[in-house]
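Before any comments, here is the structure.
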Amino acid sequence: MTQAQAPHLEDVEVTPWREYFSFSTDHKVIGIQYLVTSFVFYLIGGLLAELVRTELATPASDFVPRETYNELFTMHATIMIFLWIIPCLTGGFGNFLVPLMIGARDMAFPKLNAIAFWIIPPTGVMFLLSFFVGPASAGWTSYPPLSLITNKAGEAIWILGVILLGTSSIMAGLNFLVTILKMRIPSMTLNDMPLFCWAMLATSALQLIATPVLTGAMVLLGFDLLVGTAFFNPTGGGDPIVYQHMFWFYSHPAVYIMILPAFGLISEILPVHARKPIFGYQAIAYSSIAISFLGLIVWAHHMFTSGTPDWLRMFFMIATMIIAVPTGIKVFSWVATVWGGKLNLCSAMLFGMAFVSMFVVGGLSGVMVASVPFDIHVHDTYFIVAHLHYVLFGGSVFGIYAGLYHWFPKMTGRMLNEWWGKVHFTLTFVGFNMCFLPMHILGLQGMNRRIAEYDPKFATINLICTIGSYILAVSTIPFVVNAVWSWIAGAKANSNPWKGLTLEWTVPSPPPVENFDEDPVLVIGPYDYGTPKALEVVASTLAPPALAVEGAE
Amino acid sequence: MKVPTAILTLIVGILITLASLWVGQNNGLLLPTAAAAEAVEIDTLFAAMMAIATGLFLLVQGALLYSFFAFRRRADDQTDAAPVHGNVSLEIVWTAIPAALVLWLGIYSFDVYQSIDSVGTMGANHMAHKHEEMEMVATGESISTSSIGGNSILIADQGNAPNSSTSPAVATDIVEPLVVNVDGLQYAWLFTYPDTGIISGELHLPVNRPVTLNISARDVIHAFWVPEFRLKQDAVPGQVTHLNFQPTVEGTYPVICAELCGAYHGAMKTRSIVHSQVDYKAWVDSQIVANADSEAIAHMQDPPPTLEQHAAMMGMPDHLHDHTLSTLHPHLAQATAN
Chain L
1 MTQAQAPHLE
11 DVEVTPWREY
21 FSFSTDHKVI
31 GIQYLVTSFV
41 FYLIGGLLAE
51 LVRTELATPA
61 SDFVPRETYN
71 ELFTMHATIM
81 IFLWIIPCLT
91 GGFGNFLVPL
101 MIGARDMAFP
111 KLNAIAFWII
121 PPTGVMFLLS
131 FFVGPASAGW
141 TSYPPLSLIT
151 NKAGEAIWIL
161 GVILLGTSSI
171 MAGLNFLVTI
181 LKMRIPSMTL
191 NDMPLFCWAM
201 LATSALQLIA
211 TPVLTGAMVL
221 LGFDLLVGTA
231 FFNPTGGGDP
241 IVYQHMFWFY
251 SHPAVYIMIL
261 PAFGLISEIL
271 PVHARKPIFG
281 YQAIAYSSIA
291 ISFLGLIVWA
301 HHMFTSGTPD
311 WLRMFFMIAT
321 MIIAVPTGIK
331 VFSWVATVWG
341 GKLNLCSAML
351 FGMAFVSMFV
361 VGGLSGVMVA
371 SVPFDIHVHD
381 TYFIVAHLHY
391 VLFGGSVFGI
401 YAGLYHWFPK
411 MTGRMLNEWW
421 GKVHFTLTFV
431 GFNMCFLPMH
441 ILGLQGMNRR
451 IAEYDPKFAT
461 INLICTIGSY
471 ILAVSTIPFV
481 VNAVWSWIAG
491 AKANSNPWKG
501 LTLEWTVPSP
511 PPVENFDEDP
521 VLVIGPYDYG
531 TPKALEVVAS
541 TLAPPALAVE
551 GAE
Chain Y
554 MKVPTAILTL
564 IVGILITLAS
574 LWVGQNNGLL
584 LPTAAAAEAV
594 EIDTLFAAMM
604 AIATGLFLLV
614 QGALLYSFFA
624 FRRRADDQTD
634 AAPVHGNVSL
644 EIVWTAIPAA
654 LVLWLGIYSF
664 DVYQSIDSVG
674 TMGANHMAHK
684 HEEMEMVATG
694 ESISTSSIGG
704 NSILIADQGN
714 APNSSTSPAV
724 ATDIVEPLVV
734 NVDGLQYAWL
744 FTYPDTGIIS
754 GELHLPVNRP
764 VTLNISARDV
774 IHAFWVPEFR
784 LKQDAVPGQV
794 THLNFQPTVE
804 GTYPVICAEL
814 CGAYHGAMKT
824 RSIVHSQVDY
834 KAWVDSQIVA
844 NADSEAIAHM
854 QDPPPTLEQH
864 AAMMGMPDHL
874 HDHTLSTLHP
884 HLAQATAN
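Chains L and Y, in that order, give the protein sequences. Take the first sequence: its position 406, counted from the start at 1, is 406 in the numbering used here, and no numbers get skipped. Position in the second sequence (first residue = 1) + 553 = the numbering used here.
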């Protein structure tokens, strides 16, 4: 029966590959476009990171020229933030999942959606081409006056690129906000929404409020660079600190743009594989909103050593520490969700639990660096490098991997290989901790960041970090091979392989164009596991109409 | 033998607490020597944060690891777990406890910050106020006022001062901070001592005397950092920023530029040498003699070795490693000429 059904499925439902290279307005195609494009940039950004770590394997500056070293870490951060994590989490998962989860047929503005995506590949290529003229080399923060006097052509490209990607992000944010607020099926109130949609609501608010300020900063910086104005240039009476305020007004919320959707993914994945309702739905939902709001008023904690006045330092310290409360609520709720469950320890769940575990480390060091007196010591050191990677890799990237293992069957109609998934997980977990945990010590001991050469007393720890980074690089190979091979020839996935209760599992894998034949009606909450009703609903998702018809014949 | 859950929980709680306190007490290995009074206070704060962080870390990781092993689904079990949707009292507890902790940590950090920022001039003043500001600091009046207003470091130092009997001049005077003007440029630090006119490429400081650094930058943003003092302050072009501290342990420590400032950022290093009072006096004398020998204050005495090594490679213009006063400090040179 399965064999008879297979060609039928492929004829009707599998999107022809050409569609993925076209200006498609289907949210699922756009979602996969985002995911694949951003993953390619992840590999490129990762390659740059490996070059950085290779330079740092020895204390002397002996692998690449010093200018090149600055270009490498600048472009590494730029690509990872603007072309990998943000587009992958908001554009990729957001596009694929939000309409399905709220029972909509597509996003509110499909053409805007496609435009937002198609800004990204050319901008990314532009960044890569800037290596031919010398790319930006003043760090991803691009503080003037340094950014105004190094690699001017590369810096101009960088500014243009960030403006374009910011525009794309604003378009996506607007689209998600309208879609989530206006396109839910009538039976779904805000409090019936899956938590990923709450997270996307909070994220899109940040994208809409904060990104325009970054664009403003970039326009002014561009004028300073290209036309010789002096907004930020002290020799003309400008103030470089003003740039830092404008930059961080966006770039701190950007941290939440990069982590809130991952929080959302984890809130979906843990209950499904623990076979248990999410613990404290409302607390998790509202804490996303709280984090989103508080995230807007903490930016100057990146500037504690910039000469910020005392009272401002104190205000931003307290505001930053308060964020630990809603974040703590989430972490404890996730632990309580897993506690007492019946854990299906598949690759998605392993990455999901590791997310919680690794994010806690980044969260704890985050509270430490919020404390002004301590931050005065560790600011701009490897302690910060360790902290931010625990949040953005241990957090966001582990969340992305968890999401990819969890929804790959829904996206492609094929299962990923579990054994290779576990190999991937193990290598990633070991490599990640080996690479970034020792960096805390480096920072405390006195190694500053963004340097191509360092005191020989740090050599051993740096070598460990570099080996860890190589393991991390190797860990992506099993994933890429697994994903490509499974997409082509993996085991077929049914419509609900994990027995989930959210709406995306009620449609076939992959879902047809426009998702739902008729508007679905909500019959069960998104996390009502452990009830007789849940068994019924799961059973109904596993008997799709096509199968029923075949059975009748 | 079946041990009741309550007792197990209690034992686990005690173990986690003990482990946290132990980590809080024994994290000295993580940090370099604490060579300033401020560093000791920051380390105490760090120890407290480490203790709390260790407790939370063990709690969360322990619960996750325990779940990983204890709540694994058995292969034949296709049923769901018990439908627990939440627990209001538990949720209140894990909201209230972190809230109380961060509130306490915020107040404690504020307190430490007040204490290390003894003169209350941390932060920035725009160039226009530079001279006014320096005069105010130099008179020492504002210092003594603010030291009454709760500066434990200064008072403690006055108590210790008689011990250093070899330098009665410094010990018996009211402890006036040593003012050093710090100037960052690609890729070197210049230290100017306004009271003696000494210009140096290394920061020489007497032990147990408060120091005020007036920090500025010539070209791009740099950051002055001495890990052993636990203090860092950006040097911003167009502004003067300040650091106030009191070195307490003699020794040689690195001065590091902590803000990306260009290709040779990693090489922008020099030394900070904390002398005994006697040695410091000797150093000052030797500098003044050296300066007198070489026609006015014409030479920078200790060009940073890193700069020398790289100067040619960096393609630095000659005037930057031609260490004459007229190129480095035109205004001072002019004053000397007058």
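Just so it is clear, CB atoms sit at the ideal spot from N, CA and C, and this is done for glycine as well.
Under the three-state reduction of DSSP, Y:Gln-739 is assigned to coil, being neither helix nor strand. When L:Met-193, L:Leu-206, L:Ser-396 are compared, the shortest CA-CA separation from L:Ala-254 is found for L:Leu-206. The way I'd put it, the segment 25-40 of chain L does touch the segment 81-97 of chain L; three or more beta-carbon pairs between them come closer than 8 angstroms. Here Y:Trp-778 is bridged, per DSSP, to Y:Lys-785, Y:Ile-809. Here Y:Thr-823 carries a strand assignment [DSSP, helix/strand/coil].
Residue pairing from DSSP places Y:Leu-731 in a beta bridge opposite Y:Val-764. For the C-beta of Y:Ala-652, the chain L residues within less than 9 angstroms are, from N- to C-terminus, Ile-322, Ala-324, Val-325, Gly-328.
Residue contact with chain Y for L:Leu-364: present (Cβ-Cβ distance below 8 angstroms to some residue of chain Y). Under the 8 angstroms criterion on CB atoms, Y:Glu-644 is classed as interfacial with respect to chain L.
The segment 291-299 of chain L and the segment 389-404 of chain L do not touch, with fewer than 3 CB-CB distances between them shorter than 8 angstroms. From the beta-carbon of L:Phe-279, the residues of chain Y found nearer than 8 angstroms are Val-637, His-638, Gly-639, Asn-640. Secondary structure at L:Ile-376: helix, using DSSP grouped into helix, strand and coil.
When DSSP states are grouped into helix, strand and coil, L:Gly-280 belongs to the coil group. Non-local beta-carbon contacts of L:Leu-463 in its own chain, meaning distances under 7 angstroms to residues more than five positions away in sequence, involve Ala-57 in chain order. Near chain L, meaning a CB-to-CB distance below 7 angstroms, no residue of the segment 737-760 of chain Y qualifies. Pairing L:Trp-498 with L:Ala-348, the inter-Cα distance amounts to about 10 angstroms. Around the beta-carbon of Y:Trp-575, fewer than 16 other beta-carbon atoms lie within 10 Å, marking it exposed. Within the model, the alpha-carbon separation for L:Ile-85 versus L:Ile-259 is close to 9 angstroms. Within 10 angstroms of the beta-carbon of L:Pro-456 lie fewer than 16 other beta-carbons, which makes it exposed. Within the segment 819-841 of chain Y, the residues whose Cβ lies closer than 7 angstroms to any Cβ of chain L are, in chain order, Gly-819, Ala-820. Chain-ordered, the chain L residues with CB closer than 8 angstroms to the CB of Y:Gln-614 read Ser-357, Val-360. In the displayed model, Y:Ile-752 falls within a strand according to three-state DSSP. With respect to the 8 angstroms criterion, L:Tyr-454 and L:Pro-59 are classified as neighbours on the basis of their beta carbons.
Y:Ser-753 is classed as buried because its beta carbon has at least 16 other beta carbons within 10 Å across all chains shown. When Cβ pairs closer than 8 angstroms are counted between the two stretches, the segment 603-613 of chain Y is seen not to touch the segment 338-345 of chain L, the count staying below three. Distances from the CA of Y:Gln-739 to each of Y:Glu-594, Y:Leu-654, Y:Ile-569, Y:Leu-813 were compared; the closest alpha carbon is that of Y:Leu-813.
Rounded to whole angstroms, Y:Ala-623 and Y:Gly-615 show a C-alpha spacing of 12 angstroms. When the beta-carbon positions are compared, L:Ser-147 and L:Ala-138 come within less than 8 angstroms of each other. For L:Tyr-527, the three-state secondary structure derived from DSSP is coil. Distance check between L:Ser-288 and each of L:Leu-129, L:Val-507, L:Trp-198, L:Met-317 places L:Trp-198 closest, using alpha-carbon atoms only.
Around the beta-carbon of Y:Thr-794, 16 or more other beta-carbon atoms lie within 10 Å, marking it buried. For Y:Gln-792, the enclosing beta strand (DSSP E) starts and ends at 792-798.
Comparing alpha-carbon positions, the option among Y:Thr-632, Y:Ala-600, Y:Ala-843 lying closest to Y:Gly-750 turns out to be Y:Ala-843.
Under the 10 Å beta carbon count, L:Glu-518 is surrounded by fewer than 16 other beta carbons and is classified as exposed. Here L:Leu-416 is buried: its Cβ has 16 or more other Cβ atoms, across all protein chains shown, within 10 Å.
Per DSSP, the unbroken alpha helix (DSSP H) holding L:His-27 starts and ends at 27-55.
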